[in-house]
Amino acid sequence: MTREQVKQAVLDALLTVAPEARPAAIDPAVPLREQLDLDSMDFINFVIALDEGLGVAVPEADYGRLSTV
1 MTREQVKQAV LDALLTVAPE ARPAAIDPAV PLREQLDLDS MDFINFVIAL
51 DEGLGVAVPE ADYGRLSTV
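The opening position of the sequence shown corresponds to residue 1 in this note's numbering, with each subsequent residue numbered one higher.
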């Protein structure tokens, strides 16, 4: 996958938990949880959507590294 394809997969996963989000307005330098007001369940659902969308398991130890696009 290209970098753009991965970015699109991340945005698609975000939209499953935050359908009101505007992808063009997401600032890659600001943590996603702050921008989209994601609670812990939303964040877990985002990680699950990433896993399904990309076919890559994200270890729980790495959840903290998923803070920005």
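Just so it is clear, CB atoms sit at the ideal spot from N, CA and C, and this is done for glycine as well.
Pair within 7 Å by beta-carbon distance, residue i and residue j
i	j	result
P19	T68	no
A9	G55	no
A61	T16	no
L11	P23	yes
L83	A21	This structure cannot speak to residue 83, because the chain is shown only from 1 to 69.
A13	F43	no
Span separating the alpha-carbon of residue i from that of residue j
i	j	result
I26	E34	11 Å
V58	T2	19 Å
G64	M41	14 Å
D51	Q5	14 Å
V30	L66	11 Å
request  = Enumerate, from N- to C-terminal direction, the unbroken alpha helix (DSSP H) stretches of 4 or more residues contained entirely within the segment 3 to 49.
outcome  = As far as the segment 3 to 49 is concerned, its whole alpha helix (DSSP H) runs of at least 4 residues are 3 to 17 and 32 to 36.
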